[in-house]
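A.B. asks: Pasting in a structure now, in structure tokens, and then I'll have a few things to ask.
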Amino acid sequence: MSNLNILISGAGIAGNVFAFWLLRAYPNASITIVERYPSLRLTGASVDIRSSAVDIIKWMGLEQEIRNQTTKEEGVHFIEESGRPVATLRATGRTDIQSITSEYEIFRGALAKIFIDPVIKRVKIIFDETVDHFEQRDDGVVVTFAKSKEVKTYDLLVAADGLGSRIRGMMLNTKPQEQVYDEGVHVAYFTIKTDLLQGSHFSKWYNATAGRVVFLRPDPAGLTRGGLMNVRTKGDIETKERLDKAVREGNESYMKLMEEMFGDVGWLAPEVLRAMRESDDFYCSLFGQIRSPKIHDGRVVLLGDAGYATPGIGTSLAIIGGYVLAGELLSSSGDVKTALERYGDIMVPFVKTQQGTDNAMQILNPQTLWGIRIRNAVLGFVTWSRLDRLVITVAAALGFTEKKVPMPDYPWPAE
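In UniProt numbering, the protein residues as written are 1 to 415.
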């Protein structure tokens, strides 16, 4: 079936990669992307590309453009309160074996735009709109849009609408948050309008007690990407409820809570809190995995974070998922149900191998001063040893590296 009619919910990384490959497979396909923001969202924190996803961006012919727009981050300094580095994990300089800092560190918005630009004139994007509900039929999925109330039928509905996917909730007949596996982490991201790193290409990571983290990452525009992270033990329900409540109430509530929780933290925390108030792109969220009982049903399929969000390697999984879904539609000659079965057969076991160690963030970010000192000693030894393999072992144990497997080789038509 060369005239597939497909609706993608979400103009982010996963949906855009899928659109790219689907049009490679079926140049005459009709693709509509519905995006809840009023324009392409070009903001977002730094993300990275690893392992099998590196192969895919090379096949797309986009590797050099991505390299041109990376953040140029060279590694991470773990620092003490004075700002002195106690350990440094450097990028390896290789694409086959990467450290915590990837060779492809790039801002989310820039990457999403790189993926959509080659096909943007061949897709229809509806901004400031969402899917209100859908109805499954044997010959299609009938979608009703939330604002326009327009009703349209598609061969396939692709949910690429992120961690809090409403479509996932509708597909499973549950609340979207029921599939979120709690990692014990909340994080706030924002752009700082000055260069607090003073030209350094190394991120800085500062741990205070009670799982509080202040981090700064480089921005080539002479800015700084800042963040405040709360890492709690899984049994600390009270702190989780306070943070969850602030997320629900919105940015102002979350900022006030951060000012309260980080008010006594040292290093550059006071400057970071002030910069948080002045930022234009503040974003806060639970840091969690999606563990969905299934990633497709009928003619509805979950893609990227909507189906298998995994901190540390979520972007790579989104790229891989978009490639595999389009490839299976090609291999099945457009038979949607067959393609989705094959997509599930490939992605579900693959994702399970990628969703890393429980308590990984708790290991990296101890609650006590004594725990922080032990962590610093371990990472200090890694720094002193200069053994790339040991760095990778640490990164893999913490769930930051993807376990590479060969990608399916699909019969893509010549361009």
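Ideal Cβ placement from N, Cα and C applies to all residues, glycine included. None of the values given here were measured: they were computed from a predicted structure.
(1) Closest to V131 by CA distance: which of I114, L111, A159 is it?
(2) With a Cβ-Cβ cutoff of 8 Å, do V324 and I346 count as a contact?
(3) Give a yes or no on whether the C-beta atoms belonging to L89 and L196 are separated by under 8 Å.
(4) For M229, name the three-state secondary structure that DSSP assigns.
(5) Count the other CB atoms, across all protein chains shown, that sit within 10 Å of the CB of S58; report buried if there are 16 or more and exposed otherwise.
(6) Less than 8 Å between the CB atoms is what I'm expecting for K193 and L216, so what's the real figure, rounded?
(7) According to DSSP, A112 sits in a beta bridge with which residue or residues?
(8) Is there contact here, the stretch 232-245 with the stretch 108-121, by at least three beta-carbon pairs under 8 Å?
(9) Restricting to runs no shorter than 4 residues, where is the alpha helix (DSSP H) found entirely within the stretch 307-340?
(10) How would you label R168, buried or exposed, when you count the other beta carbons within 10 angstroms and need 16 or more for buried?
(11) Could you check where the beta strand (DSSP E) with I6 kicks off and where it finishes?
(12) Thinking just about the alpha-carbon of each residue, which of I79, R24, S30 is nearest to the one in I6?
(13) Per DSSP, what kind of secondary structure is P27 in: helix, strand or coil?
(14) Let me make sure I understand the geometry here. Which of G10, R212, V301 has the alpha-carbon closest to that of L257?
(15) To the nearest angstrom, how far is it from the Cα of S82 to the Cα of L302?
(16) Just the C-alpha distance for H201 and T70, rounded to the nearest angstrom, thanks.
(17) Which residues bound the beta strand (DSSP E) around G288?
(18) Taking C-beta to C-beta, are P311 and F350 nearer than 8 Å?
(19) What does the Cβ neighbour count give for L156, buried or exposed, with the cut at 16 atoms within 10 Å?
(20) Do L22 and A326 have their CB atoms nearer than 8 Å?
(21) For T368, which residues of its own chain have a beta-carbon under 7 Å away from its beta-carbon, when the five flanking residues on both sides are left out?
C.D. replies: So, to answer that:
(1) A159
(2) yes
(3) no
(4) strand
(5) The question names Ser, but residue 58 is Lys in the sequence shown. Flag for K58 reads exposed.
(6) Their Cβ separation, rounded to whole angstroms, is 13 Å, which puts K193 and L216 out of contact at 8 Å.
(7) Answer by DSSP bridge pairing: none, since A112 is not bridged.
(8) no
(9) 314-331
(10) buried
(11) 5-9
(12) S30
(13) coil
(14) R212
(15) 46 Å
(16) 11 Å
(17) 283-290
(18) no
(19) buried
(20) yes
(21) T209
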